[in-house]
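Residue numbering for the sequence shown follows my numbering, beginning at 322 and increasing consecutively. Have a look at the structure below before the remarks.
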Amino acid sequence: MKTVLYPGSFDPFTNGHLDLVMRASLLFDQVIVAVAVNSGKNPLFSLEERREQIEEACKQVSNVKVVAIKGLLVDSLDLYKADAVLRGLRAFSDFEYELQMALMNRSLKPTCETIFMMPTVNNCFVSSSQIKEIAKLGGDYSAYVPANVREAIERKLRGDGK
Ligand code: PNS
322 MKTVLYPGSF DPFTNGHLDL VMRASLLFDQ VIVAVAVNSG KNPLFSLEER
372 REQIEEACKQ VSNVKVVAIK GLLVDSLDLY KADAVLRGLR AFSDFEYELQ
422 MALMNRSLKP TCETIFMMPT VNNCFVSSSQ IKEIAKLGGD YSAYVPANVR
472 EAIERKLRGD GK
């Protein structure tokens, strides 16, 4: 049984993230999407809100589990018995950040391997920060996020709780 852990802030989860989950679900027996804390970011949604949104967005993919993690990513690998970490690469500009993170994780835990996958070209330019900016400025971003995520963003920006 091969399990891959797909960590990220996912604030919010986009169609690019969903695309990667679906591709990974064909290669691995189990995909665990791990909503994690990026201390450099100030998220719109709580970890639990994001976990619920991703669970709903991925419900058609049977071998996907969604968890929220608070500590170091490498510690979650043992906890969830994951064989590798999965990260998405959209463009060359992602590479330096991803390389640093992959090598640091391997330095913290020598058995930690990171696998990179690319989303479809149509999703390569989609980023969570752009989605939040477009949403706050009243633009149409419905093509870039799952429907339940768009509803959650609209509710959050109206101040309607979850
Ligand atoms: O989607 P992001 O914000 O690029 O994801 C980054 C994330 C959340 C995967 C990274 O910040 C992370 O692994 N956070 C958990 C804490 C940790 O292990 N930090 C050390 C990373 S080298």
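Built from N, CA and C at the ideal position, the CB exists for glycine as well.
Is it right to say residue i is buried, meaning 16 or more other beta carbons lie within 10 angstroms of its own, or is it exposed?
i: Leu-339; result: buried
i: Phe-446; result: exposed
i: Ala-355; result: buried
i: Gly-459; result: exposed
i: Arg-371; result: buried
i: Lys-457; result: exposed
i: Tyr-418; result: exposed
i: Val-442; result: exposed
i: Ala-345; result: buried
i: Ser-383; result: exposed
i: Asn-359; result: exposed
So which of the options has the shortest CA-CA distance to residue i?
i: Thr-335; options: Glu-472, Cys-433, Glu-419 and Tyr-418; result: Glu-472
i: Gly-361; options: Ser-330, Glu-454 and Pro-440; result: Ser-330
i: Lys-402; options: Ala-423, Ala-378, Asp-350 and Glu-369; result: Asp-350
i: Pro-333; options: Gly-480, Glu-475 and Glu-419; result: Glu-475
i: Met-422; options: Ala-412, Arg-411, Thr-441 and Val-406; result: Val-406
i: Ile-353; options: Val-388, Ser-383 and Val-382; result: Val-388
i: Pro-328; options: Val-382, Gly-392 and Val-466; result: Gly-392
What's the C-alpha gap between residue i and residue j?
i: Ser-367; j: Pro-431; result: 31 Å
i: Pro-364; j: Gln-374; result: 14 Å
i: Leu-347; j: Leu-410; result: 18 Å
i: Arg-477; j: Leu-400; result: Looking at the sequence shown, residue 477 is not Arg but Lys. Approximately 32 Å, taken between the alpha carbons.
i: Leu-326; j: Gly-480; result: 32 Å
i: Arg-408; j: Asn-444; result: 15 Å
i: Glu-377; j: Asn-469; result: 7 Å
i: Ile-455; j: Ala-357; result: 23 Å
i: Val-395; j: Gln-451; result: 28 Å
i: Leu-429; j: Leu-398; result: 12 Å
i: Glu-434; j: Lys-323; result: 13 Å
State yes or no: is the C-beta of residue i nearer than 7 Å to some heavy atom of ligand 1?
i: Val-447; result: no
i: Ser-330; result: yes
i: Ala-357; result: yes
i: Leu-393; result: yes
i: Lys-362; result: yes
i: Met-527; result: Outside the shown range of the chain (322 to 483) lies residue 527, about which nothing can therefore be said.
i: Asn-426; result: yes
i: Met-322; result: no
i: Met-422; result: yes
Is there a Cβ of chain D sitting closer than 8 Å to that of residue i, yes or no?
i: Asp-396; result: The structure shown contains no chain D; it holds only a single protein chain.
Inset, instruction - Ignoring anything shorter than 3 residues or poking outside the stretch 356-401, list the beta strand (DSSP E) runs there in chain order. - result: DSSP runs (the beta strand (DSSP E)) wholly in the stretch 356-401: 385-389.
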